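Have a look at the structure below before the remarks.
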Amino acid sequence: MNVLAKAADLEAAAPAGAFVQEVTSVQHYTDRLFKFRMTRPASFRFRSGEFVMIGLMIDGKPLYRAYSIASPSWDEELEFFSIKVPDGPLTQHLQKIQPGDAVLMKKKPTGTLVNDALIPGKRVYMFSTGTGLAPFASLIRDPETYEKFDQVIVTHTCREVAELKYGLDLVEETKNDPLIGELAQEKLVHYTSVTREDYPFKGRITDLIESGKLFTDLGVPPLDPAIDRGMICGSMEMLKDTKALLEKAGLNEGANNKPAEFVVERAFVG
Ligand code: A2P
Numbered sequence: 384m385n386v387l388a389k390a391a392d393l394e395a396a397a398p399a400g401a402f403v404q405e406v407t408s409v410q411h412y413t414d415r416l417f418k419f420r421m422t423r424p425a426s427f428r429f430r431s432g433e434f435v436m437i438g439l440m441i442d443g444k445p446l447y448r449a450y451s452i453a454s455p456s457w458d459e460e461l462e463f464f465s466i467k468v469p470d471g472p473l474t475q476h477l478q479k480i481q482p483g484d485a486v487l488m489k490k491k492p493t494g495t496l497v498n499d500a501l502i503p504g505k506r507v508y509m510f511s512t513g514t515g516l517a518p519f520a521s522l523i524r525d526p527e528t529y530e531k532f533d534q535v536i537v538t539h540t541c542r543e544v545a546e547l548k549y550g551l552d553l554v555e556e557t558k559n560d561p562l563i564g565e566l567a568q569e570k571l572v573h574y575t576s577v578t579r580e581d582y583p584f585k586g587r588i589t590d591l592i593e594s595g596k597l598f599t600d601l602g603v604p605p606l607d608p609a610i611d612r613g614m615i616c617g618s619m620e621m622l623k624d625t626k627a628l629l630e631k632a633g634l635n636e637g638a639n640n641k642p643a644e645f646v647v648e649r650a651f652v653g
C-alpha cells in the first residue's frame, strides 16, 4: 500500500479543495488513542466545536474521515484527538504520522456542537466518551463558552484509566492558561468515569445520569430544562442513549438554524 504523508509528495498529488498541512507534534496515550497538532492555514476559520475532514493519499486516492477540531478557534495551530483502529482504513496509517509529515484537510468546517446552537442557560453539560471529548477540548478553551454559561461541566467516560490522560492534561493546562485560566478555574468542572477498571467514579454516563449519582457527585440539582443545556459526543449508541435521557428530563434537541436546549454529534472516525 502506498501512503503519502510527506509534504512534497502530498503537495504534488493533493486534490483540489484540500489544504496540505504540516504535523507539528504527536503524542500517543494508549494503543487506542493519540493526539496530533498541525499548522493552520491562514485563511481557515471555524467555530469552536466544529469538525473538518482530515485525510491522506492512499494508493493514489484521498481518504478522509471527519475529525472534531480539539483546539479553540483562536489557536494558531489545529489539534486533533484520534482513535487508532488496527484495520481502520485511515487510522491504521494516520497513527504512524510524525512531526514534519503532512496531512490533507478539506477547506470547509461544519458541525452542531457549537455555542450558537444552544439557547442561553445557566449550566452546560458536555457529555463525552472516548475521543468524543475532542469538540469539548475546543469549547472549554473558548472564552465565549464562559461568557454564555455560569458553569461548564465536562464529563468524560472511558473504558480504562489511561484513556483519561488527554482530558486530565487538557483541563490542567486550560486552568493554567493565561487567556482563559481564570474563567476556567471559576466555571469549569471535569467529571471523569471509567467502565472497565477500578476508579473512584465508575460506570457509563447514562447509568450515572439515570441513578442520579452524577448530580450527587457534582453537588448540583437534577437536570432542569429551564437552566441546563447539553452537548453530546461519543459512539452512536452513547449518543442515542444519552439523548433519550435528556429528552426524558424535558430538554429539546437544537441545531444551528434552530437553537434549543441540547445538541448531538457523532464522534466519527474509524
Ligand atoms: P463500556 O465499557 O460499558 O462499553 P468506546 O471506546 O467503545 O467508544 O467506549 C467508550 C466509553 O463509552 C466506554 O466507557 C463505554 O462503556 C461507554 N459506552 C459505550 N456504549 C455506551 C452507551 N450506549 N451509553 C453510554 N456509554 C457507553
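For the sequence shown, the positions run 384 to 653 when this note's numbering is used. Here a beta-carbon is modelled for each residue, glycine too, at the ideal position from N, C-alpha and C. In this text the structure is predicted, and so the values were computed from the model without any measurement.
Sequence-distant residues of the same chain with beta carbon closer than 8 Å to residue i, five excluded per side
{"i": "P389", "result": "Just to set this straight, residue 389 is Lys in the shown sequence, not Pro. The residues are D484 and A485."}
{"i": "L501", "result": "V507, K531, R612, M614, G637, P642, A643, E644, F645 and V646"}
{"i": "P605", "result": "G595, F598 and A632"}
{"i": "G564", "result": "T557 and K558"}
{"i": "E593", "result": "L628"}
Cutoff 6 Å; reference residue i; Cβ partners in own chain excluding five residues on either side
{"i": "L629", "result": "G613 and F645"}
{"i": "E394", "result": "V403"}
{"i": "G653", "result": "Note on G653: pLDDT 38, under 50, position unreliable in the model; no value is reported."}
{"i": "H476", "result": "V386 and L439"}
{"i": "S431", "result": "P455, S456, S521, L522 and D525"}
{"i": "E555", "result": "none"}
{"i": "D392", "result": "none"}
{"i": "G550", "result": "L516 and H539"}
{"i": "V497", "result": "R430 and G432"}
For residue i, the nearest candidate out of the options (CA to CA)
{"i": "F427", "options": "D607, G400 and G602", "result": "G400"}
{"i": "V436", "options": "R415, N639, V409 and S465", "result": "Checking the displayed sequence, the identity of residue 436 turns out to be Met instead of Val. Nearest C-alpha to M436: S465."}
{"i": "E620", "options": "R587, R448, V554 and K479", "result": "R587"}
{"i": "P526", "options": "A545, I480 and S456", "result": "S456"}
{"i": "Y412", "options": "P583, E543, L622 and Y582", "result": "E543"}
{"i": "C541", "options": "F584, Q475 and D442", "result": "F584"}
{"i": "M509", "options": "A391, N639 and T625", "result": "T625"}
{"i": "F417", "options": "K505, A517, P445 and R430", "result": "A517"}
{"i": "K548", "options": "D590, D414 and L473", "result": "D414"}
{"i": "N640", "options": "Y582, D499, A453 and E648", "result": "D499"}
{"i": "K491", "options": "Y450, D533 and K479", "result": "Y450"}
{"i": "F429", "options": "V409, E462, P445 and E405", "result": "E462"}
{"i": "V409", "options": "E546, I480, G443 and V497", "result": "I480"}
{"i": "R448", "options": "V497, Q534 and K489", "result": "K489"}
{"i": "D560", "options": "V497, D392, D458 and A391", "result": "D458"}
{"i": "T578", "options": "D607, P608, E546 and G550", "result": "E546"}
{"i": "T589", "options": "D607, D600 and L622", "result": "L622"}
{"i": "K505", "options": "F519, Q478 and D533", "result": "D533"}
Exposed unless 16 or more other CB atoms sit within 10 angstroms - verdict on residue i
{"i": "E580", "result": "exposed"}
{"i": "G595", "result": "exposed"}
{"i": "G602", "result": "exposed"}
{"i": "N635", "result": "exposed"}
{"i": "A425", "result": "exposed"}
{"i": "L487", "result": "buried"}
{"i": "P398", "result": "exposed"}
{"i": "E569", "result": "exposed"}
{"i": "A453", "result": "buried"}
{"i": "L473", "result": "buried"}
7 Å CB neighbourhood of residue i in its chain, flanking five on each side removed
{"i": "T407", "result": "R420, M421, T422, E460 and P482"}
{"i": "A396", "result": "L387 and M440"}
{"i": "M384", "result": "I441 and D442"}
{"i": "L446", "result": "G438, L439, P472 and L473"}
Cβ pair residue i, residue j closer than 8 Å
{"i": "T512", "j": "G617", "result": "yes"}
{"i": "I610", "j": "V572", "result": "no"}
{"i": "Y529", "j": "L566", "result": "yes"}
{"i": "Y574", "j": "T538", "result": "yes"}
{"i": "S576", "j": "L591", "result": "yes"}
{"i": "E433", "j": "T493", "result": "yes"}
Residue i Cβ short of 7 Å to the ligand MN heavy atom set
{"i": "M509", "result": "The ligand MN is not part of the structure shown, which contains the ligand A2P as its ligands."}
8 Å Cβ cutoff, residue i in contact with chain D
{"i": "L571", "result": "In the structure shown, chain D does not exist; there is a single protein chain."}
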